[in-house]
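Asker:
Protein chains: 6
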Amino acid sequence: MSKGIMFYDVGEQIEQFLLIKNATKGIASNGKPFLTLIFQDKSGEIEAKLWDVSDGDEKSFSPETIVKVTGEILNYRGRNQLRIRQIRPASPTDPVKLADFLETAPLSTDEMMGKITQYIFEMKNPNIQRITRHLIKKHQNAFLEYPAATKNHHEFVSGLAFHVVSMLDLAKAIAGLYPSLDKDLLYSGVILHDLGKVIELSGPISTMYTIEGNLLGHITIMVNEIGKAADELSINGEEVLILQHLVLSHHGKAEWGSPKPPLIKEAEILHYIDNLDAKMNMLDRALDRVKPGEFTERVFALDNRSFYKPTFHN
Amino acid sequence: MSKGIMFYDVGEQIEQFLLIKNATKGIASNGKPFLTLIFQDKSGEIEAKLWDVSDGDEKSFSPETIVKVTGEILNYRGRNQLRIRQIRPASPTDPVKLADFLETAPLSTDEMMGKITQYIFEMKNPNIQRITRHLIKKHQNAFLEYPAATKNHHEFVSGLAFHVVSMLDLAKAIAGLYPSLDKDLLYSGVILHDLGKVIELSGPISTMYTIEGNLLGHITIMVNEIGKAADELSINGEEVLILQHLVLSHHGKAEWGSPKPPLIKEAEILHYIDNLDAKMNMLDRALDRVKPGEFTERVFALDNRSFYKPTFHN
Amino acid sequence: MSKGIMFYDVGEQIEQFLLIKNATKGIASNGKPFLTLIFQDKSGEIEAKLWDVSDGDEKSFSPETIVKVTGEILNYRGRNQLRIRQIRPASPTDPVKLADFLETAPLSTDEMMGKITQYIFEMKNPNIQRITRHLIKKHQNAFLEYPAATKNHHEFVSGLAFHVVSMLDLAKAIAGLYPSLDKDLLYSGVILHDLGKVIELSGPISTMYTIEGNLLGHITIMVNEIGKAADELSINGEEVLILQHLVLSHHGKAEWGSPKPPLIKEAEILHYIDNLDAKMNMLDRALDRVKPGEFTERVFALDNRSFYKPTFHN
Amino acid sequence: MSKGIMFYDVGEQIEQFLLIKNATKGIASNGKPFLTLIFQDKSGEIEAKLWDVSDGDEKSFSPETIVKVTGEILNYRGRNQLRIRQIRPASPTDPVKLADFLETAPLSTDEMMGKITQYIFEMKNPNIQRITRHLIKKHQNAFLEYPAATKNHHEFVSGLAFHVVSMLDLAKAIAGLYPSLDKDLLYSGVILHDLGKVIELSGPISTMYTIEGNLLGHITIMVNEIGKAADELSINGEEVLILQHLVLSHHGKAEWGSPKPPLIKEAEILHYIDNLDAKMNMLDRALDRVKPGEFTERVFALDNRSFYKPTFHN
Amino acid sequence: MSKGIMFYDVGEQIEQFLLIKNATKGIASNGKPFLTLIFQDKSGEIEAKLWDVSDGDEKSFSPETIVKVTGEILNYRGRNQLRIRQIRPASPTDPVKLADFLETAPLSTDEMMGKITQYIFEMKNPNIQRITRHLIKKHQNAFLEYPAATKNHHEFVSGLAFHVVSMLDLAKAIAGLYPSLDKDLLYSGVILHDLGKVIELSGPISTMYTIEGNLLGHITIMVNEIGKAADELSINGEEVLILQHLVLSHHGKAEWGSPKPPLIKEAEILHYIDNLDAKMNMLDRALDRVKPGEFTERVFALDNRSFYKPTFHN
Amino acid sequence: MSKGIMFYDVGEQIEQFLLIKNATKGIASNGKPFLTLIFQDKSGEIEAKLWDVSDGDEKSFSPETIVKVTGEILNYRGRNQLRIRQIRPASPTDPVKLADFLETAPLSTDEMMGKITQYIFEMKNPNIQRITRHLIKKHQNAFLEYPAATKNHHEFVSGLAFHVVSMLDLAKAIAGLYPSLDKDLLYSGVILHDLGKVIELSGPISTMYTIEGNLLGHITIMVNEIGKAADELSINGEEVLILQHLVLSHHGKAEWGSPKPPLIKEAEILHYIDNLDAKMNMLDRALDRVKPGEFTERVFALDNRSFYKPTFHN
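Residue numbers (the numbering used here), protein chains in the order written: chain A, 1 to 314; chain B, 1001 to 1314; chain C, 2001 to 2314; chain D, 3001 to 3314; chain E, 4001 to 4314; chain F, 5001 to 5314.
Dropping the structure here:
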């Protein structure tokens, strides 16, 4: 198959299928309408202009349409752009489907669900185990499909579950080195910490915030869900409060969205594990796009830093 | 009755009943134990030392005991202190009771409950009205007894209810001037905003944070309570989400404990009304203790400012 | 009359008189000059491009000219734009005048002056009353015409006086609930707090900062004015200092432009009243433009928040 | 004469006259009153306890009394203390006077006034010159006596004038190197920048803030004074505004008390000169008290830093 | 052996050997000298007063002396204090030595050096390996003895080496889960990151900052050392620069002491590993001192938080 | 010669040689490529568009090419732009050379080196003198050519040396007024403080950060260089540490890039001198471009302020 759109150099010719992620109409200086299109494939996205568009074009080239494009890569103000020579919507006979253009977690949902089930199985505290199992079951479908965020890190199909699986492995490794840590709390905290995103966000594609997401946020949503789960399961132990606190505090500081900072050892460590896995994900994605001896683009969620790939890393 | 302990000047003799708020044991340089006592009455509190105490003294002069004290007011490092000449525990025949020494709201609990009931009665939106009535009923006893905070403002018996009543009157006056405001939301927001304190705090005397108060806080507690109330009353409308948001956002900013800032007009105004009433309470209490032409003590919760009472205010 | 320019939807045809607020010349990619025009009417403003302009066009379509425009509403990068089909300057016989296009306070200047006079009349302290009356007389004409700010809130003709009148009503309501407040100070503080803007700003249209406004600011300007008024009226009481302090401190904090924070009770409350009225004004204007169930545009002066209008608000 | 109180080492015997700066009464654990005395001489100050004091002692050893003390230097919690063996008030025949114990500027008031007069004489712009001369004359007596601050830097008799003279010399040197600077503005800015302190502060001894100082501050006070001076001298030029701006902005930032930052080149430089001279004064005083190879005490107004004196500085 | 001094409750009698960590002389209100002593053993420290001390006592009870004490545990202002009944210096025949009273890492220096040697042995990049081995050899003795800090975390004998060993195990576990990480860089970064502390700090007991520590700090010191090592070993590769950057940036942000933030993936992860291990150490030490259902003392270096130990942790 | 490109007004015709600083290719809405050119001469720079460019044009009009341009000055979005009518590369016979278009320090490199040599000659401490002389010799060529920064201040050929020379004169003047200052330290600190820029930056033209500049920064680079110089010269005195500290701390605060704040008197003053000279340079350049009565453009490195040139400054 053709290489990813992110990996073309300026001047290269392109002829391949792409997904329209976004289309905005404008009026050119000659008074004629044009479209600004954002194309995407699994490797990333690229902008293009389509000039002198008709009303029909506008309909044909709307978001979430797959198109066949030929053209050339340009540089415009330091960013790559695609100059379209020819463009047509994919026909039913073209051998492409939506999922071909969406980035997805590197593990299948079955594999991920299997790992999570295993971690829940290993829990020894029945209260923690039952609440965790109850909530993951309740939201299982969305949990396995949603991204972990609208942007910044794990912003791909099944990104949320993949983030959780990576964090579980990290939690296990750390708890192995610091045996005073309560593994049950840590695993449950990892599994539940971002589960509220299945209500905060609109879904796996064209992800946006829901009204509930905007007005309450995934942390408050999940704290409520834990309370309801405990009621439904008739669980009264202090574990309920502690799990609510783990979720409530996992952003670490009030100004980052946690009204209480971590006040339990496992809450503090959960915050670290979350951060570490998110950062590794962002770093790897940024560094994959540059060669040894180069700096990456600035990464907004990493304090806008530009990272260097040493020349001896190849 | 004798005047309040706060209103004595240095050098004045004192002979009256006081409540022991706090007692801490220490060892003097002569090797003998002593007690540092904090006495209180409705006007405020004062520190005193009791030297050469026996084991019996330690028991007799423990917190929440009423005592009869004679002595003299001293100045120690710029603060008044009471030098004890004689001290004895009050006997059952002494004409004093605990409530005589505790500051209380200037309205009776009946009056306050009457006003709140009236405001709930005026609500037109049945969802908002039912949730508000349900929650105030559920927590009515504690609500009418608790202080609004452990310190800073309305930190007296029934302070919470008094704060709510003052805010309701303020809400009504403001909504009268800005008719675009939704009175139902505003009244309900005022009534519920701090109701979680009946779970966050330990009670009206020697008020401390509970474990749930420490790990979740009154905002999260109340957001959960609203969710449960809606479930129990089978209410599904957007009003539930909006009321949760009003409570969630009433501290105004993430760094002040609200994970979401106000995103509804009435939420923004609720935050203002809460602040304004709390500040008026703090200002009046600080200024009551000084004469025209003087500055108050520094008020910690007002950015540590010292306020001036103009000479033409008498 | 035709509906306001802010209330057209994309795709709608337009044919109406508009005021040119701003005109900037540019050079198109074909080498020909064009104008970027900002049109305004009472409802708000909209941008448009006028292509291939002659020297004559440039003169005809200069700022503060009224024009007749036909065209169509487009969306450009998420904001509405007007695509001009025809445009001509209004002729003397067209039934339009400048004031038709400028947003103005909802009360007449006579009504506003009447209310303010009444509040001054109610003052009991002669020193406060005389200084207030003297200064409002001195600057009456500008005071009744100026906006309260160049942007953000009450940025319309007579916005300053309207802001003051709303604040006076709010001050009266609050002082009614907290009788320890000195109404004279509060009313005078409200009337004088922003009066320095008549020197800080250039006037009611195309409002800019004057050099004195840039180098001293309206707060310092007004503190000086109060000093001069007291000299001219031979008033020596502490009231002069207190009024200067009320104006000096009304922005609340050093970083917001007040070199001293409020140190008088009424100064603290004045700061609150000012904020509350400004926020109500901004919130109402932003929410007027959206339908129930929608979020407003981000409001810069409200911490860049986007507010939600509940679906049950209609 | 005996050496300064600051320069005694722990264990040394002392017998000399000292001034009582402060006296506070306390009650010892044996129930008897004692006095905490702060003694001062030109070198600095030291604390002492006077045990078992009578009512007569309290009167004899009140602030601003000169006493003859014998005793010994102790270390208490890392700070020197004086253990009193004998103490008596100075009698009229003792060869000591108040001024012997107060730190004073190293130049006489005549010398300082002479230098300032010369700088004013060198000004070429008559408006600047006349306003400067008028204001320095109006406040001359206080100006020559007051300290530059209550603490931190130049906190001694005539400290204000000495600070101004040092800054004038610095201004001259800098203007010599950067000839684009307007010397008249710079000299006038230096002379007037802190002149408001003669109203903000209570006087040269036991210096405190006046009410006007608390509610307006020396910056606002002086901006008003410049306005009045211009009125009295019938000066209308832009120089008035610029001089007001120089004073207004000389603290550099809003959070440091200047509602406008420097917006004139000379205002920016004035802020620097002020800072540089204040810092040199603080550094020299702190470093004078330590030996090469040692660190100074922490200097609060220098970000609480502790400075090192290199071993090769002797 | 007797239990640690930290584990006594108020009222318990004590009779055991303790090390004097600190002794300060004061003068009691009866005019007689006394000593404030800080005793320590492996479990922690406690304060005591020794009254009416002679000159001989002062010499006998100086810091780093071992003494035999009998007495009783008191509570003074919420902290435990030891009331001394008898005290005598340990004699040569007493079965105690300095090391008995100093907290030490739980691994022997041989074990730790063995582990570190193994990690260096596993490195594949010869430049990184040689520089790391050279520097650890150069400072080996101090490295194995020094604490990792003067307070906060790993502030015990061999704390630095123990911190490094824990971090190496953590680095290995994390690199196992994220294979894109360069293990050589990570291991070398861990070993070198705090090695400059052997020059910044004075030694393992009564640890203070050296002058070089104060004026340059361990980060700058170590960056220089890496440069010198490369010169001595004639290594020129980019590895030198990268290792210097790892050390330079390991505090993460300018305001935490790193003039450059991490700009290499392994530098970012090193910062995380350092933090995680330090926090685990602080959390475990604080939580070891409380029972389930209790909160710890506030931990300054963890944002002054007080942590909760769940009741189900026993 | 023709006037500088910065000094043309809108509408003026231009015909002169200019240097191409930057050239970026774009695609116009007609599908044809164009170039955005930044021209520069000694007075500043200006942007221009070159439409419909051929491949040959792209090569002819590349950065660091001198061209002859005729055209006209336009205003585009408030900034001047050059509309090109004709453009051709300069031929070898044209009487122009690269240096004609680059801004350069107003002193020759010989003059500057002479002054610096003289200051080094005046030093009395041989350790300080030898290290300073050694390092200036080692980097002399680059030192005399490099700018002091990539932007903000002294961003021209030989800007670094010119900044140092100005600072030396300022240091001398200040040390003359405050004789406690150690001139040797001050002069050496001035000469060395930014010398690391010859490694941090790429060179005098098209100046960028090197990899070493990005990962270590000029401060750390120079601290290392001082250490190496001391080794090579076998100098061991405390002067080495102090000079390293002067360089390390000269940015004043951790958040500005100095891991240690100034802890030596001369370090504090060096920070001031550096700032003062940089600010004078920025202020003069900004004010040179406006007329009396006008405000400058906003100056980013001066907190984005816009400065006013008084009308009486002409």
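Even glycine gets a Cβ: it sits at the ideal position worked out from N, Cα and C. All figures in this text were calculated on a predicted structure; none of them were measured in a lab.
Take B/Thr1150 and list the residues in its own chain whose beta-carbon comes closer than 8 Å to its own, dropping the five residues that flank it on each side.
Answerer: Taking the first residue of the second sequence as position 1, residue 1150 of chain B is located at position 150. Contacts found: Leu1201, Thr1207, Met1208, Tyr1209.
Asker: What residues from chain E crowd round D/Tyr3076, counting only those whose CB sits closer than 9 Å?
Answerer: To locate residue 3076 of chain D, count along the fourth sequence from 1; it is residue 76. Near D/Tyr3076 (Cβ distances below 9 Å), the residues of chain E are Thr4024, Lys4025, Gly4026, Ile4027.
Asker: Check whether chain F comes within 8 Å of C/Asn2214, counting only Cβ atoms and requiring the distance to be less than that.
Answerer: Here residue 2214 of chain C refers to the residue found at position 214 when the third sequence is read from its first residue. Yes, C/Asn2214 lies at the interface with chain F (some Cβ there is under 8 Å from its Cβ).
Asker: Mind checking the stretch 253-274 of chain A against chain B and listing, in chain order, the residues whose C-beta falls within less than 8 Å of any C-beta there?
Answerer: Residues Ala254, Glu255, Trp256, Gly257, Ser258, Pro259, Lys260, Leu263, Ile264.
Asker: Tell me where the alpha helix (DSSP H) around B/Thr1207 begins and ends.
Answerer: Locating residue 1207 of chain B in the second sequence gives position 207, where the first residue counts as 1. Premise fails: B/Thr1207 is in no alpha helix (DSSP H) and is neither H nor E.
Asker: Can you list, in chain order, the residues of its chain with a C-beta nearer than 8 Å to that of A/Met1? Leave out the 5 residues immediately preceding and following it.
Answerer: Counted from its first residue, the first sequence places residue 1 of chain A at position 1. The predicted position of A/Met1 is uncertain, since its pLDDT is 47 and thus under 50; no value can be drawn from it.
Asker: State the beta-bridge partners of E/Arg4298 as determined by DSSP.
Answerer: The count along the fifth sequence starts at 1 and reaches residue 4298 of chain E at position 298. Looking at the DSSP assignment, E/Arg4298 forms no beta bridge with any residue, so it has no partner.
Asker: Quick one: what does DSSP say D/Met3001 is sitting in, helix, strand or coil?
Answerer: Against the fourth sequence, residue 3001 of chain D aligns to sequence position 1. Confidence at D/Met3001 is low in this model, with a pLDDT of 47, below 50, so its placement is unreliable and no value can be given for it.
Asker: By how many angstroms is the C-alpha of A/Ile273 removed from the C-alpha of A/Leu98?
Answerer: Taking the first residue of the first sequence as 1, we reach residue 98 of chain A at position 98. Taking the first residue of the first sequence as 1, we reach residue 273 of chain A at position 273. When rounded, the distance between both Cα atoms is 33 Å.
Asker: Taking 8 Å as the cut-off, does the stretch 2216-2233 of chain C touch the stretch 2132-2140 of chain C (at least 3 CB pairs, one atom from each stretch)?
Answerer: Enough Cβ pairs lie closer than 8 Å, so yes.
Asker: For my contact list, E/Asn4080 and E/Ile4046 are in at a C-beta cut-off of 8 Å; report their separation, rounded to the angstrom.
Answerer: To locate residue 4080 of chain E, count along the fifth sequence from 1; it is residue 80. To locate residue 4046 of chain E, count along the fifth sequence from 1; it is residue 46. That belief holds up - the Cβ atoms of E/Asn4080 and E/Ile4046 are roughly 6 Å apart, short of 8 Å.
Asker: Is D/Asn3281 buried or exposed, if buried means 16 or more other CB atoms sit within 10 Å of its CB?
Answerer: As a position in the fourth sequence, residue 3281 of chain D is number 281, starting the count at 1. It is buried - the Cβ of D/Asn3281 has at least 16 other Cβ atoms within 10 Å.
Asker: Using a beta-carbon distance below 8 Å, is B/Thr1150 in contact with chain A?
Answerer: Indexing the second sequence from 1 puts residue 1150 of chain B at position 150. No, no contact with chain A.
Asker: Using a Cβ-Cβ distance under 8 Å, would F/Arg5305 count as near chain D?
Answerer: Translated into the one-based positions of the sixth sequence, residue 5305 of chain F becomes position 305. Chain D, which has a Cβ nearer than 8 Å to the Cβ of F/Arg5305, makes this yes.
Asker: Examine chain F for any beta-carbon lying closer than 8 Å to the beta-carbon of D/Ala3173, and answer yes or no.
Answerer: What you label residue 3173 of chain D is simply residue 173 of the fourth sequence in a count that begins at 1. Yes, its Cβ sits closer than 8 Å to a Cβ of chain F.
Asker: Within 8 Å (strictly less), CB to CB, does D/Ile3020 reach chain B?
Answerer: Along the fourth sequence, read from residue 1 onward, the residue named residue 3020 of chain D stands at position 20. No, D/Ile3020 lies away from the interface with chain B (no Cβ there is under 8 Å from its Cβ).
Asker: Taking its Cβ as the centre, do 16 or more other Cβ atoms sit within 10 Å of E/Phe4143, making it buried, or is it exposed?
Answerer: Along the fifth sequence, one-based indexing puts residue 4143 of chain E at 143. Answer is buried; the Cβ neighbour count reaches 16.
Asker: Around the Cβ of A/Phe101, are there at least 16 other Cβ atoms within 10 angstroms (buried) or fewer (exposed)?
Answerer: As a working mapping, residue 101 of chain A is identified with position 101 in the first sequence. Buried, because 16 or more other Cβ atoms sit within 10 Å of the Cβ of A/Phe101.
Asker: If you measure from the beta carbon of E/Met4001 to each beta carbon in chain F, is any gap under 8 Å?
Answerer: As a working mapping, residue 4001 of chain E is identified with position 1 in the fifth sequence. Confidence at E/Met4001 is low in this model, with a pLDDT of 47, below 50, so the placement of that residue should be treated as unreliable; the coordinate-derived value is given next. Output row for E/Met4001: interface = no.
Asker: If you follow the alpha helix (DSSP H) that C/Ile2221 is in, where does it begin and where does it stop?
Answerer: Within the third sequence, the letter at position 221 stands for residue 2221 of chain C. 2217-2232 is the span of the alpha helix (DSSP H), which, as asked, contains C/Ile2221.
Asker: Tell me which residues share the same chain as F/Glu5103 and place their Cβ nearer than 6 Å to its Cβ, disregarding the 5 neighbours each side in the sequence.
Answerer: One-based indexing of the sixth sequence puts residue 5103 of chain F at position 103. So the qualifying residues of the chain are Lys5042, Phe5156.
Asker: Distance cutoff 8 Å, beta carbons only. Does A/Val153 sit that close to anything in chain B?
Answerer: Mapped onto the first sequence, residue 153 of chain A falls at position 153. Correcting the residue type first, residue 153 of chain A is His in the shown sequence and not Val. Chain B, which has no Cβ nearer than 8 Å to the Cβ of A/His153, makes this no.
Asker: Taking C/Asn2075 as the reference, give the member of A/Leu35, A/Glu111, A/Gln118 with the closest Cα.
Answerer: As a first step, residue 2075 of chain C must be located in the third sequence, where it is residue number 75. Of A/Leu35, A/Glu111, A/Gln118, the residue nearest in Cα terms is A/Leu35.
Asker: Pick helix, strand or coil for A/Arg289, following the three-state DSSP scheme.
Answerer: Taking the first sequence and counting its residues from 1, the one referred to as residue 289 of chain A is at position 289. Coil, per DSSP.
Asker: Using the C-alpha atoms, what's the distance from F/Asp5284 back to D/Ser3180?
Answerer: On the fourth sequence, residue 3180 of chain D is found 180 positions in, with the first residue counted as 1. On the sixth sequence, residue 5284 of chain F is found 284 positions in, with the first residue counted as 1. Distance between the alpha carbons of D/Ser3180 and F/Asp5284: 8 Å.
Asker: Using 10 angstroms around the beta-carbon of B/Pro1106, count the other beta-carbons present and answer buried if the total reaches 16, otherwise exposed.
Answerer: Here residue 1106 of chain B is taken as the residue at index 106 of the second sequence, counted from 1. Label assigned to B/Pro1106: exposed.
Asker: Opposite E/Phe4162 in the DSSP bridges: which residues?
Answerer: Reading the fifth sequence from its first residue, position 162 is the one you call residue 4162 of chain E. E/Phe4162 is not bridged to any residue.
Asker: Would you report the Cα separation of B/Lys1115 and C/Ile2219, rounded to the nearest angstrom?
Answerer: Start at 1 with the first residue of the second sequence, and residue 1115 of chain B comes out as number 115. Start at 1 with the first residue of the third sequence, and residue 2219 of chain C comes out as number 219. Answer to the nearest angstrom: the Cα atoms are 42 Å apart.
Asker: From A/Ile188 to B/Ile1027, what distance separates their C-alpha atoms?
Answerer: In the first sequence, the residue the question calls residue 188 of chain A occupies position 188. In the second sequence, the residue the question calls residue 1027 of chain B occupies position 27. Checking the sequence, you will find Ser at residue 188 of chain A rather than Ile. Taking the straight line from one Cα to the other gives about 49 Å.
Asker: Taking 8 Å as the CB-CB cut-off, is F/Val5198 touching chain E?
Answerer: As a first step, residue 5198 of chain F must be located in the sixth sequence, where it is residue number 198. False, the Cβ-Cβ gap to chain E never drops below 8 Å.
Asker: Starting from F/Phe5039, follow the beta strand (DSSP E) in both directions and report where the run begins and ends.
Answerer: By one-based count along the sixth sequence, residue 5039 of chain F stands at place 39. Unbroken beta strand (DSSP E) run through F/Phe5039: 5033-5041.
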